[in-house]
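Going down the list, the sequences are from chains E, L, U and B. 155 is the number that full-length UniProt numbering gives to position 155 of the first sequence; each next residue is one higher, with no gaps. 22 is the number that full-length UniProt numbering gives to position 22 of the second sequence; each next residue is one higher, with no gaps. 220 is the number that full-length UniProt numbering gives to position 220 of the third sequence; each next residue is one higher, with no gaps. 182 is the number that full-length UniProt numbering gives to position 182 of the fourth sequence; each next residue is one higher, with no gaps. Glycine is no exception: its CB is placed at the ideal position from the N, C-alpha and C atoms.
4 protein chains.
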Amino acid sequence: MLESLKREVLEANQALPEYNLVTFTWGNASGYDRDSELMVIKPSGVTYGDLTLEDMVVVNGNGDVVEGSLSPSSDTATHLYLYHAFPEISGIVHTHSPWATSWSQSGKDLPALGTTHADYFHGAVPCTREMRKEEVETDYEMETGKVIAETFKTNHLAPAAIPAVLVHGHAPFTWGTSPREALYHAVVLEETAKMAAYTNMIQPSPAEISPHLLDKHFLRKHGSNAYYGQSGKENKV
Amino acid sequence: MLESLKREVLEANQALPEYNLVTFTWGNASGYDRDSELMVIKPSGVTYGDLTLEDMVVVNGNGDVVEGSLSPSSDTATHLYLYHAFPEISGIVHTHSPWATSWSQSGKDLPALGTTHADYFHGAVPCTREMRKEEVETDYEMETGKVIAETFKTNHLAPAAIPAVLVHGHAPFTWGTSPREALYHAVVLEETAKMAAYTNMIQPSPAEISPHLLDKHFLRKHGSNAYYGQSGKENKV
Amino acid sequence: MLESLKREVLEANQALPEYNLVTFTWGNASGYDRDSELMVIKPSGVTYGDLTLEDMVVVNGNGDVVEGSLSPSSDTATHLYLYHAFPEISGIVHTHSPWATSWSQSGKDLPALGTTHADYFHGAVPCTREMRKEEVETDYEMETGKVIAETFKTNHLAPAAIPAVLVHGHAPFTWGTSPREALYHAVVLEETAKMAAYTNMIQPSPAEISPHLLDKHFLRKHGSNAYYGQSGKENKV
Amino acid sequence: MLESLKREVLEANQALPEYNLVTFTWGNASGYDRDSELMVIKPSGVTYGDLTLEDMVVVNGNGDVVEGSLSPSSDTATHLYLYHAFPEISGIVHTHSPWATSWSQSGKDLPALGTTHADYFHGAVPCTREMRKEEVETDYEMETGKVIAETFKTNHLAPAAIPAVLVHGHAPFTWGTSPREALYHAVVLEETAKMAAYTNMIQPSPAEISPHLLDKHFLRKHGSNAYYGQSGKENKV
Chain E
1 MLESLKREVL EANQALPEYN LVTFTWGNAS GYDRDSELMV IKPSGVTYGD
51 LTLEDMVVVN GNGDVVEGSL SPSSDTATHL YLYHAFPEIS GIVHTHSPWA
101 TSWSQSGKDL PALGTTHADY FHGAVPCTRE MRKEEVETDY EMETGKVIAE
151 TFKTNHLAPA AIPAVLVHGH APFTWGTSPR EALYHAVVLE ETAKMAAYTN
201 MIQPSPAEIS PHLLDKHFLR KHGSNAYYGQ SGKENKV
Chain L
1 MLESLKREVL EANQALPEYN LVTFTWGNAS GYDRDSELMV IKPSGVTYGD
51 LTLEDMVVVN GNGDVVEGSL SPSSDTATHL YLYHAFPEIS GIVHTHSPWA
101 TSWSQSGKDL PALGTTHADY FHGAVPCTRE MRKEEVETDY EMETGKVIAE
151 TFKTNHLAPA AIPAVLVHGH APFTWGTSPR EALYHAVVLE ETAKMAAYTN
201 MIQPSPAEIS PHLLDKHFLR KHGSNAYYGQ SGKENKV
Chain U
1 MLESLKREVL EANQALPEYN LVTFTWGNAS GYDRDSELMV IKPSGVTYGD
51 LTLEDMVVVN GNGDVVEGSL SPSSDTATHL YLYHAFPEIS GIVHTHSPWA
101 TSWSQSGKDL PALGTTHADY FHGAVPCTRE MRKEEVETDY EMETGKVIAE
151 TFKTNHLAPA AIPAVLVHGH APFTWGTSPR EALYHAVVLE ETAKMAAYTN
201 MIQPSPAEIS PHLLDKHFLR KHGSNAYYGQ SGKENKV
Chain B
1 MLESLKREVL EANQALPEYN LVTFTWGNAS GYDRDSELMV IKPSGVTYGD
51 LTLEDMVVVN GNGDVVEGSL SPSSDTATHL YLYHAFPEIS GIVHTHSPWA
101 TSWSQSGKDL PALGTTHADY FHGAVPCTRE MRKEEVETDY EMETGKVIAE
151 TFKTNHLAPA AIPAVLVHGH APFTWGTSPR EALYHAVVLE ETAKMAAYTN
201 MIQPSPAEIS PHLLDKHFLR KHGSNAYYGQ SGKENKV
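Below you can see the structure in the form of structure tokens.
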């Protein structure tokens, strides 16, 4: 069942330590099949080096396991909520990568300080509000997805234009049209989060780049007028 | 004698450079056998790559060598004091890992700024008070253990809930139910110490996470209601 | 055509990830043949590990491809402008290396804080002014080259004495008498940018080194009285 | 001639990139034979990976080459001055390692903020005063040695108790009773310089450790009452 998607999800998970995005088992990747409304996700607490195709867990929209002998990631309900809230995405990556997690811990949005950021994120990457006591104590993982969706709705942000979020006091989630693209965005987010912190070190409260520079860089890589990369190739990632 | 524990202690010591926790010989791991009241510990000043099973030193409760031809770690008396003071632990790791050591040098507790911290430490990791002249000059290593135990007692902290300490002006100690778990906590401590410093860079004096988020993350990994990982497996590490 | 230059350009591009100067495809190296007025440059969006000699793109002074089946780097017009404006250079490297990019994001010149800097840059590495809306929206890449040339002209800087620039809100460009020398300067720039930020951490607003120390170090490596390295060898790089 | 010393000097130079202390050719190690009053030093501008035993340069007290076909390090006169000024040393290492160099650029002494520092340096590692115009312009490298010796004399510091210095606006030199020990101290200096900067990040203007803790740690590793390591072994390094 969903062998091709399972392989993509497996590979995205295996890539997390290669890109230095995770310590121990602190991260997970998933993929979503919109036809069958099934999600493939990493099993909980299993080391990346030990993962096999058979370990991938398939769950339905309620989070019930429909294939696989292991328990799915404890963050399963967050992933599912995001796939339902953001119809344009088919892959999600969650990590505790150090720089993006530190921005999450600071409670601040990650500002667009340069063109590296603008090449992938069409504006600041938002940090959610703090989660309330009742949200944490009841259906915590589902509520995490809900507060992410709320952040995008309240701020009129498009998930395809800003494929990442910082969960307050927790860590980042990134997404894309495939597990591979979500992974790509996780790497970009960590790199831009690092450079934004470095910039803070050099110049406290640095200015965001101009709207025209933000637009220029985002749109030369994305959309119908993109001209970066080789035509006919997947240019964004 | 204690061959299985010796192997665990050897492996925990060998893992210290693999996890980038030590420079040269700046760290040691030990294990404690509560039945025989004997401790296995790294020999002093020996490089990790050169360590063999036979090099492991077995000492009794007074720190006398009962097996092994090498001198035990110069921190032996600290380890022994902690095994006596904290009956729930059977493994200890001491390193001068850069970020945790820098927090020790700052004299500040390591605050719980995010869920990565909360997944393993149920509150701030305390920094001890400065050691007094007479404590340093007489039985220094034993007194180091004593000031750690005092810190936990004075602040009503449970060693199982906060398996780490920062010794003022010195460096961290971590512990667990095995040498392997103590090693795991040493890696976690370094990672959370790093991210707390990064968070400080981004947002001076950042807020600690809420008590409900702290409880949620610690308790979904620990205790009778834990649901992280695969049931029946060792979920915490 | 230009096989030797192509090889040099290929090798400079392949070295970018080895020196940790790039993530994904975030950088490019080029070489210029002043006799034929042709430039060899990396193709756009191709991974360094996949590059072959045949992939190198040859373009003329208008940026038209005269050899090669792939599209040239999206930064082609910037490279060409610089070769025209700075007749003494024959190699250019552009990266988004983290520390130099962070200085670019800060909008500040990189000051000469030590002799490591003075060994290669005879003064501060300038940051350009912000680019104007119309410059960004029309012929952006060419205008990027223009603002770099303007920065050197306005500040009476010699491209051979300061073989690097920080583009405001974007990232660095470095150059030299060959692609290999441009690469060398990209490594040096990243290292000095890192150390300048570290120095800021230790001592806010640190002083620049004295003019005599700046001259001494630059001139013992460059010019007719240089005495660093082995005589008869390429000493600067 | 001096084959054993040459091998030690070769190995210390080769270890510089392994310990991440150098970029390109930015560092050199030397050894001194007090009987013959000859110094063995790295040739100038040669890459560490290319060095052979035959490349080592032997110079006399005037810096004249007495064996070897290559030019000696441009820092030769600094090394020679230090061997003459500090009779207790027989090995010197100079690098531009990032953290120690950043402290040199800050113009500040490296304070003893923890026991890692105290294990090797019996007090702050001093930064020299700025060098004067005439010192820089005439016999610069010799004058560099002179200002180091002046720093130790003026502040009543013992080179054996503090085997390192930060040259203002330049970079560190470390030394020891052998090239290997000088190398060891270069690694320690970089690590303590890093942790002191990290500590500054966490707690601006952190306090130095108490005199009793400084004494305790330095003296448990050095001198007649040392008890760290295995008796009869070289315990300090």
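List the residues of chain L that residue i touches, going by C-beta distances under 8 Å, in chain order.
{"i": "glutamate 8 of chain B", "result": "Residues of chain L passing the Cβ test: none, with the nearest at roughly 18 Å."}
{"i": "glutamate 18 of chain B", "result": "Within 8 Å Cβ-Cβ: nothing; glutamate 18 of chain B doesn't reach chain L, min ~13 Å."}
{"i": "lysine 216 of chain B", "result": "Val136, Glu137, Tyr140"}
Measuring only the C-alpha atoms, how far is residue i from residue j?
{"i": "glutamine 105 of chain U", "j": "histidine 122 of chain B", "result": "41 Å"}
{"i": "histidine 222 of chain U", "j": "leucine 16 of chain U", "result": "25 Å"}
{"i": "tryptophan 99 of chain L", "j": "alanine 197 of chain E", "result": "17 Å"}
{"i": "threonine 128 of chain U", "j": "aspartate 119 of chain E", "result": "20 Å"}
{"i": "aspartate 139 of chain U", "j": "glutamine 230 of chain L", "result": "57 Å"}
{"i": "leucine 10 of chain B", "j": "valine 46 of chain B", "result": "12 Å"}
{"i": "phenylalanine 86 of chain E", "j": "proline 211 of chain E", "result": "25 Å"}
{"i": "serine 90 of chain L", "j": "leucine 5 of chain L", "result": "10 Å"}
{"i": "leucine 219 of chain L", "j": "glycine 61 of chain E", "result": "26 Å"}
{"i": "methionine 56 of chain B", "j": "proline 111 of chain L", "result": "52 Å"}
{"i": "alanine 158 of chain B", "j": "alanine 171 of chain L", "result": "27 Å"}
{"i": "valine 136 of chain E", "j": "threonine 199 of chain B", "result": "34 Å"}
{"i": "valine 187 of chain U", "j": "alanine 207 of chain L", "result": "38 Å"}
{"i": "proline 43 of chain L", "j": "valine 167 of chain U", "result": "54 Å"}
{"i": "serine 224 of chain B", "j": "tryptophan 26 of chain E", "result": "48 Å"}
{"i": "glutamate 67 of chain U", "j": "threonine 76 of chain U", "result": "14 Å"}
{"i": "glutamate 18 of chain U", "j": "histidine 96 of chain B", "result": "20 Å"}
{"i": "methionine 131 of chain U", "j": "arginine 34 of chain E", "result": "43 Å"}
{"i": "leucine 213 of chain B", "j": "glutamate 143 of chain L", "result": "13 Å"}
Drop a sphere of 10 angstroms on the beta-carbon of residue i, count the other beta-carbons inside from all chains shown, and report buried for 16 or more, exposed for fewer.
{"i": "glutamate 8 of chain U", "result": "buried"}
{"i": "glycine 145 of chain U", "result": "buried"}
{"i": "methionine 1 of chain L", "result": "exposed"}
{"i": "tyrosine 184 of chain L", "result": "buried"}
{"i": "serine 36 of chain E", "result": "exposed"}
{"i": "residue 242 of chain L", "result": "Nothing in the structure corresponds to residue 242 of chain L, since chain L is present only between 1 and 237."}
{"i": "lysine 236 of chain L", "result": "Confidence at lysine 236 of chain L is low in this model, with a pLDDT of 43, below 50, so the placement of that residue should be treated as unreliable; the coordinate-derived value is given next. Buried is the call here."}
{"i": "lysine 153 of chain U", "result": "exposed"}
{"i": "tyrosine 227 of chain E", "result": "exposed"}
Let's see if you can read the secondary structure: which residues bound the beta strand (DSSP E) around residue i?
{"i": "residue 252 of chain E", "result": "Here chain E has residues from 1 to 237 only, and residue 252 of chain E is not among them."}
{"i": "methionine 195 of chain E", "result": "From DSSP, methionine 195 of chain E is part of no beta strand (DSSP E) but of the alpha helix (DSSP H) over 179-202."}
{"i": "tyrosine 81 of chain B", "result": "Unbroken run through tyrosine 81 of chain B is the alpha helix (DSSP H), 76-85; no beta strand (DSSP E)."}
{"i": "histidine 117 of chain U", "result": "Segment 115-118 is the alpha helix (DSSP H) holding histidine 117 of chain U; no beta strand (DSSP E) there."}
{"i": "valine 66 of chain L", "result": "65-67"}
Starting from residue i and walking both ways along the alpha helix (DSSP H), at which residues does that stretch end?
{"i": "methionine 142 of chain E", "result": "140-154"}
{"i": "serine 10 of chain B", "result": "Correcting the residue identity first, residue 10 of chain B is leucine in this sequence and not serine. 3-18 is the span of the alpha helix (DSSP H), which, as asked, contains leucine 10 of chain B."}
{"i": "valine 22 of chain B", "result": "Segment: none, valine 22 of chain B is in no alpha helix (DSSP H) and carries neither H nor E."}
{"i": "proline 98 of chain U", "result": "98-106"}
{"i": "valine 136 of chain B", "result": "133-137"}
Which residues in chain E have a C-beta closer than 7 Å to the C-beta of residue i? List them in chain order.
{"i": "glutamine 105 of chain U", "result": "Leu113, Gly114, Met195, Thr199, Pro206"}
{"i": "serine 102 of chain U", "result": "Met195, Tyr198, Thr199, Ile202"}
Against residue i, what residues of chain E qualify as contacts under a CB-to-CB distance less than 9 Å, listed in chain order?
{"i": "alanine 171 of chain U", "result": "Gly114, Thr115, Thr116"}
{"i": "tryptophan 26 of chain U", "result": "Thr116, Asp119, Glu191"}
I want to verify the contact list: residues of chain U whose CB lies under 9 Å from the CB of residue i, in sequence order.
{"i": "leucine 70 of chain B", "result": "Gln230"}
Check the Cβ-Cβ distances between residue i and every residue of chain D, and say whether any is below 8 Å.
{"i": "valine 136 of chain B", "result": "Checking the listed chains, one finds no chain D in this structure; the protein chains it contains are E, L, U and B."}
Can you pull the chain U residues whose beta carbon is under 7 Å from the beta carbon of residue i, in chain order?
{"i": "histidine 96 of chain B", "result": "Thr116"}
{"i": "tryptophan 99 of chain B", "result": "Tyr198"}
Chain L partners of residue i, CB-CB under 7 Å?
{"i": "threonine 23 of chain E", "result": "Val187, Glu191"}
In chain U, which residues lie with their C-beta within 8 Å of the C-beta of residue i?
{"i": "proline 126 of chain B", "result": "Near proline 126 of chain B there are no residues of chain U at all, since even the closest Cβ is about 15 Å away, more than 8 Å."}
{"i": "lysine 108 of chain B", "result": "Ile202, Gln203"}
{"i": "proline 43 of chain B", "result": "Gln230"}
{"i": "lysine 133 of chain B", "result": "Ser210, His212"}
In chain L, which residues lie with their C-beta within 9 Å of the C-beta of residue i?
{"i": "proline 227 of chain B", "result": "A small fix is needed here, since residue 227 of chain B is tyrosine in this sequence, not proline. Per Cβ cutoff of 9 Å: Ser44, Ser71, Ser74."}
Give, in chain order, every unbroken run of the beta strand (DSSP E) that is at least 3 residues long and sits entirely within the region 30-57 of chain B.
-> Secondary structure remark: continuous beta strand (DSSP E) runs of at least 3 residues inside the region 30-57 of chain B, in chain order: 38-41.
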